[in-house]
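Peer 1:
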Amino acid sequence: MELVGFLILFPLLSAIALYFIKGNGARKAIVLGSAAVIAFATLVLCIGNVSTPPVFYDFESTIVEVACMVIGVVIGAIVLWFAWKYKNVLAGVLGAVQLVASVVFDLVFAHSVHVAQGLYIDSLSVMMAFIIGIIGSGICVYALGYMEDHVEEHPEQDDRRPLFFALMFLFLSAMFAIVFSNNMTWMFTGWEVTTLCSFLLIGYTRTDEAIANAFRQIIMNIAGGIGFLVALYYCAARMGTLDFNQFIQMGLSAPAVIALPVCALAFAGITKAAQMPFHSWLLGAMVAPTPTSALLHSSTMVKAGVFLLVKLAPLFAISVAPAVMVVLVGGITFTLASFMAISQSNAKRVLAYSTIANLGLIVACAGVGTPEAVWAAMFLILFHAAAKSLLFLCVGTAEHHIGSRDIEDMDLLFERMPQLARNMMVGIMIMFVAPFGMLISKWATLVSFVDNHQVALIVLLAYGSAATFMFWAKWLGKLSGVAGNPDNVEATVHKSEWGAIFTMTTLALVFCIALPWLSFAVVLPYIDGVYHQPVFSLDSDVLALMSILSLAVIIVLVAGSVGGSKKRRVGAYLAGVSVDNLERTYRNSLSQEAKASVRNMYLSDIFGEERVTPVGVVSTTIIIVGAFAAALATMTALL
Amino acid sequence: MDANFLITTIIGTVCFAVLAPVIGCLIDGIDRIVSARMQGRVGPKLLQPYWDVRKLLGKDKVAVSGSEDTYIGLALFFAILAGGIFFSGGNLLLVVFVITLSSLFFIVAAYSTRSPYAEVGAARETLQVMSYEPMVLFMAVAFYQVVGTFDTSGVFLLRHPAICTAWGAFIGLCFVLTIKLRKSPFDISSSHHAHQEIVKGITTEMSGPTLAKVEIMHWCETVLFMGWVGVFFVFSHPISILVAVLVALVIYLFEIWVDNNFARVKWQAMLKWAWIVALVAGGLNVAVLAFI
């Protein structure tokens, strides 16, 4: 338990130190040192608790209770201050509602409810801790080099790096609090801290666009936070408990009673996990410096949303209204976000849509709620965290060195930034093809959908996966191009960036190869602890074969690209007399010089945002409203 | 892990690697003769595809991109592995994913040349994969619903062939087969004729031994896809295997007939129809099977 407490408190202390110490060298030392300490502590925690059954720690603390209340008030005050400063009425109203509601809750309701076991640890929180502690702190290290370039490139903006790094570490602390708290009030505090951190990080550059997008984020997530509060009120007032585990156990024996709080919590999870109709905040978050996006997309923020939903999965299996909401919102989001990713040429936007889509799949799995679906959901979380952080870091570094984040401009990246292109290609392949992790997880997802007769989800998955192939394959193809000898611009990449990128690549590949072991040692113990029954989704044979194939593909790709070919090189066919084959210029039929260039297909007439978004927003809104109506009806019937 | 499974897969893959090119080559030979007769020509000899590939293997080794050959090698390997898993009774969904991986490497090989015509071909091939993928997944799901397992060996325990209840998925499969085999009207990424608007499309820059590997890969793919067709007809009765082979042949002849009688369509039409057919034939079939 000391280690759990350390992981929550230590990043908080680092954050405070980083905020007040302005020196460049000192900051570097603190970030590197803290990241190392967090990573080490996380590893100790994970190794010491491999395959742990759920363990609940007896821990009550008035200090923590008071701290939570103070933090709640401070968050509310900050939101109100910004709402007043930028004249955003909606944010102000929501912030005020939340401030009052949470203070009333803390003073009136939470007072009478005692949670004896405030903290806990189980295999899921161990896995989440690994993601937060290793991937999250890796991103913080990457940010050192990135932000140096960022400050150089944007001399017009104030250098506010102390705040930036403080927020990054505060984020980690809040995430640890979410995954280790059994006391729902504490969890809620962590939840709100992540909302505020991402608000400030998205608005970091203080451009008009950044501020508008930051407000969009805070409005949607405070709405989700109010949903969380509704559940807290219900739990405290009607069920007399704020113990998360107890809440789930009570729900399992009386599904009708918890329909409303589960709906409310699921709503909070859906907003945080950027599901339709709330997906736009995550797209808007792109304006922030890339490490922020990496952090939001891979190891924090959105992962808090799906974490909560996976925790609630056993309840979805028995409670119809929230389950239908979560399953359909997740499924529709997966398919439509994958469609829209086809139409994007901005690499960060493709990544954002892919994140939204994969989160949709995780949300749908959680909604199905069977052991098999949870197995798939956990693997999706793990592989997505590793591969997506890697991709964001690669895109961030590429952007600083080729001056663009457009996929079309990544032509010839393989020659200009060979190492980076290879890392990026590995990340992309892990995201969508066999034998790598994400596809195995999707496979398990499909099996769990079929076994549960979720026909709508099968259909959504089939079309969404087809779209997924399209948008990744064309990006991968663009990267693979080799021709000519353009300047290598890779030499100026910061060491801290390489360190983080190679760590992510190694992690992602190790996950793929160690998949059978991960299933046995991490995922199955959690499922066993929750469901007390074995899982039969994918044969261990198949997992082992995939593990072997992953290794084989990696070796061949590395060897193939290192060895080089002994074949005689010839120019490409240009249907004319080549003038300069490397530049792809040729003499056309009018004896003029012409350049042959090809762009990928984006099919925006079919999959453009303006066509697809309304469909998603309208349908998911109807589903969410319908589910709440059904849950309210259930509650009134009980009264 | 169960060593038997690995050994079965390896033996199956080796057998497939030896037999599939032979069978695929013969099918290709028949294809050319039948096509020629439909067009009022005599056509080449049955073994012409074999001689073509032998000639390719003997040609100079030239390449536009250094990594193209590695990618094609991987594509061929995974096509053979997919066939091996399928015919040794392995997991059908795994087969689907492995053959998709093979297609991906084929696409990336074309992209790696940065040749305008090859790139257009590769982009269109990506579209072809996106078009047929939903139906292929529905087929695997329907198979699972009928047989109770994704393992193709499960069909030998059936009392009725899968076609009895999964005929919707079968029709859908036949439709997307035309796309998978790159036959007209869906030969938009690379037709058999080099005179289309994108020259030879995806294989524009592949030559000599590399192109030979591509040809062998197509033979393997053809055999595998015919296996998908046949597996719908196999059940516990031994004679059903013969029926399956005959049906596969009939379906292939039908594909040749389609190839010769329909003009190439635009990709918009391909995507639209492939997805509609997948939803109506595959999706409905899966829905019905889920609720009976």
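Note that the protein sequences, when read in sequence, are chains A and B. Under my numbering, the residues of the first sequence are numbered 1 to 639, in order. Under my numbering, the residues of the second sequence are numbered 640 to 931, in order. Glycine included, each C-beta is placed from N, C-alpha and C at the ideal position. Bear in mind that the values here come from a model prediction, so they are computed numbers and not experimental data.
1. Going by Cα to Cα distance, which pick from B:HIS857, B:PRO800, B:THR791 and B:CYS803 is closest to LYS822 of chain B?
2. Please indicate yes or no: does the CB of SER875 of chain B lie closer than 6 angstroms to some heavy atom of the ligand FAD?
3. If we define contact as Cβ-Cβ less than 7 angstroms, is TYR233 of chain A a contact residue for chain B?
4. Given ALA266 of chain A, which residues of its chain have a CB within under 7 angstroms of its CB, disregarding the five upstream and five downstream residues?
5. Between PRO773 of chain B and chain A, is there a C-beta pair that is closer than 7 angstroms?
6. When the Cα of ILE430 of chain A is compared with those of A:ARG587, A:GLY227 and A:PHE379, which residue comes out closest?
7. Check whether the region 459-474 of chain A touches the region 385-396 of chain A, taking contact to mean three or more Cβ pairs, one atom from each stretch, closer than 8 angstroms.
8. Helix, strand or coil: which one does DSSP assign to ASP670 of chain B?
9. Which of the three DSSP states is assigned to LEU119 of chain A in this structure?
10. Show which residues of chain A have a CB atom less than 7 angstroms away from the CB atom of ASN730 of chain B.
11. Do you know whose CA, among B:VAL759, B:LEU732, B:ALA805 and B:ALA718, lies nearest GLU854 of chain B's CA?
12. Shortest alpha-carbon distance to VAL306 of chain A belongs to which of A:GLY190, A:VAL50, A:LYS272 and A:MET184?
13. Which residues mark the beginning and the end of the alpha helix (DSSP H) in which VAL151 of chain A is found?
14. Measure the beta-carbon distance from PHE130 of chain A to THR52 of chain A and round it to whole angstroms, keeping in mind my assumption that it falls under 8 angstroms.
15. If the cut is a Cβ gap below 7 angstroms, which residues of chain B does LEU518 of chain A touch?
16. For VAL838 of chain B versus TYR756 of chain B, is the C-beta spacing smaller than 7 angstroms?
17. Note down, in chain order, every chain A residue with its Cβ under 7 angstroms from the Cβ of MET769 of chain B.
18. Nearest by alpha-carbon distance to GLY240 of chain A: which of A:LEU144, A:GLU372 and A:VAL115 is it?
19. Using the C-alpha atoms, what's the distance from ALA781 of chain B back to ALA804 of chain B?
20. CB-CB under 6 angstroms to ILE407 of chain A, same chain, minus the five flanking residues each way: which ones, in chain order?
21. Please decide whether GLY840 of chain B counts as near chain A, where near means a Cβ-Cβ distance under 7 angstroms.
22. May I ask you to list, following chain order, the residues of the region 323-348 of chain A that have a beta carbon less than 9 angstroms from some beta carbon of chain B?
23. Starting from LEU526 of chain A, trace the alpha helix (DSSP H) in both directions and tell me its first and last residue.
24. Give me, in chain order, the residues of the same chain whose beta-carbon lies closer than 8 angstroms to that of ASP411 of chain A; leave out the 5 immediate sequence neighbours on both sides.
25. With a 10 Å radius around its C-beta and 16 neighbouring C-beta atoms as the bar for buried, classify VAL670 of chain A as buried or exposed.
26. Less than 8 angstroms between C-beta atoms, sequence neighbours within five positions excluded: which residues of the same chain meet that for TYR640 of chain A?
27. Of all Cβ atoms in chain B, is any one closer than 7 angstroms to the Cβ of GLY284 of chain A?
28. Pull up the distance between the alpha-carbon of GLY33 of chain A and that of GLY626 of chain A, whole angstroms please.
29. Mind checking if SER830 of chain B is an interface residue toward chain A, Cβ cutoff 7 angstroms exclusive?
30. Just checking, does the region 252-262 of chain A make contact with the region 227-238 of chain A on the three C-beta pairs under 8 angstroms criterion?
31. Note down, in chain order, each residue of its chain lying with its Cβ closer than 7 angstroms to the Cβ of PHE6 of chain A, except the 5 sequence neighbours on either side.
32. List, in order along the chain, the chain A residues whose C-beta lies closer than 8 angstroms to that of GLU844 of chain B?
33. Counting pairs of Cβ atoms below 8 angstroms between the region 11-20 of chain A and the region 54-64 of chain A, do you hit three or more?
34. Let me know if PRO848 of chain B comes out buried or exposed under the rule of 16 or more other beta-carbons within 10 Å of its beta-carbon.
35. Counting only runs of 4+ residues fully inside the region 152-187 of chain A, write out the alpha helix (DSSP H) ranges in chain order.
36. What does DSSP give as the partner residues of TYR57 of chain A in its beta bridges?
Peer 2: The answer reads as follows:
1. By one-based count along the second sequence, residue 822 of chain B stands at place 183. The shortest C-alpha separation from LYS822 of chain B is found at B:HIS857.
2. Within the structure as shown, the ligand FAD is missing, as the structure has no ligands at all.
3. By 1-based counting over the first sequence, the position of residue 233 of chain A is 233. Taking Cβ atoms only, chain B never reaches closer than 7 angstroms to TYR233 of chain A, which makes this a no.
4. Counting from 1 along the first sequence, the entry for residue 266 of chain A is found at position 266. Excluding residues within five positions, the ones whose Cβ falls inside 7 angstroms are LEU309, LEU312, PRO322, MET325 and VAL326.
5. Numbered from 1 along the second sequence, position 134 holds the residue referred to as residue 773 of chain B. Closer than 7 angstroms: yes.
6. Position 430 of the first sequence, counting from 1, holds the residue named residue 430 of chain A. It is A:PHE379.
7. no
8. Numbered from 1 along the second sequence, position 31 holds the residue referred to as residue 670 of chain B. DSSP places ASP670 of chain B in helix when its eight states are reduced to three.
9. Stepping through the first sequence from its first residue, residue 119 of chain A is reached at position 119. Strand at LEU119 of chain A.
10. In the second sequence, counting from the first residue as 1, residue 730 of chain B sits at position 91. Scanning chain A for C-beta atoms nearer than 7 angstroms to the C-beta of ASN730 of chain B yields VAL542, reported in chain order.
11. For the purposes of this step, residue 854 of chain B is taken as the residue at position 215 of the second sequence. Residue B:ALA718 is the option with its Cα nearest to GLU854 of chain B.
12. Counting from one through the first sequence, the residue named residue 306 of chain A turns up at place 306. Considering only alpha carbons, the answer is A:LYS272.
13. On the first sequence, position 151 is the one that residue 151 of chain A refers to. From DSSP, the alpha helix (DSSP H) with VAL151 of chain A extends over 137-153.
14. Here residue 130 of chain A is taken as the residue at index 130 of the first sequence, counted from 1. Here residue 52 of chain A is taken as the residue at index 52 of the first sequence, counted from 1. So it is not a contact: roughly 13 angstroms between Cβ atoms.
15. As a position in the first sequence, residue 518 of chain A is number 518, starting the count at 1. Within 7 angstroms Cβ-Cβ: nothing; LEU518 of chain A doesn't reach chain B, min ~15 angstroms.
16. What you label residue 838 of chain B is simply residue 199 of the second sequence in a count that begins at 1. What you label residue 756 of chain B is simply residue 117 of the second sequence in a count that begins at 1. Contact: yes.
17. Your numbering for residue 769 of chain B matches position 130 in the second sequence. Within chain A, the residues near MET769 of chain B are ALA466, ALA467, PHE469 and MET470.
18. As a first step, residue 240 of chain A must be located in the first sequence, where it is residue number 240. When A:LEU144, A:GLU372 and A:VAL115 are compared, the shortest CA-CA separation from GLY240 of chain A is found for A:VAL115.
19. The residue you call residue 804 of chain B lines up with position 165 of the second sequence. The residue you call residue 781 of chain B lines up with position 142 of the second sequence. Inspection of the sequence shows that residue 804 of chain B is occupied by Thr rather than by Ala. Distance between the alpha carbons of THR804 of chain B and ALA781 of chain B: 9 angstroms.
20. By one-based count along the first sequence, residue 407 of chain A stands at place 407. SER345, ALA347, TRP475 and LYS478.
21. Looking up residue 840 of chain B in the second sequence gives position 201. No, no contact with chain A.
22. ILE342
23. As a position in the first sequence, residue 526 of chain A is number 526, starting the count at 1. It should be noted that the sequence gives Tyr, not Leu, for residue 526 of chain A. Element bounds for TYR526 of chain A: 524-531.
24. For the purposes of this step, residue 411 of chain A is taken as the residue at position 411 of the first sequence. Same-chain partners within the cutoff: LYS478 and GLY481.
25. Coverage of chain A is limited to positions 1 through 639, which leaves residue 670 of chain A absent and any answer about it impossible.
26. As shown, chain A starts at 1 and ends at 639. That puts residue 640 of chain A outside it, with no answer to give.
27. Here residue 284 of chain A refers to the residue found at position 284 of the first sequence. Closer than 7 angstroms: no.
28. Start at 1 with the first residue of the first sequence, and residue 33 of chain A comes out as number 33. Start at 1 with the first residue of the first sequence, and residue 626 of chain A comes out as number 626. Each residue's alpha carbon lies about 50 angstroms from the other.
29. What you label residue 830 of chain B is simply residue 191 of the second sequence in a count that begins at 1. No, because no Cβ of chain A sits closer than 7 angstroms to the Cβ of SER830 of chain B.
30. yes
31. Within the first sequence, the letter at position 6 stands for residue 6 of chain A. Within the same chain, and ignoring the five residues on either side of PHE6 of chain A in sequence, the residues whose Cβ sits closer than 7 angstroms to its Cβ are ALA41.
32. If you number the second sequence from 1, residue 844 of chain B lands on position 205. The answer, in chain order, is ALA572 and TYR573.
33. no
34. Within the second sequence, residue 848 of chain B is the residue found at index 209, counting from 1. Buried: at least 16 other Cβ atoms inside 10 Å.
35. 161-180
36. Reading the first sequence from its first residue, position 57 is the one you call residue 57 of chain A. Beta-bridge pairing links TYR57 of chain A to A:LEU119.
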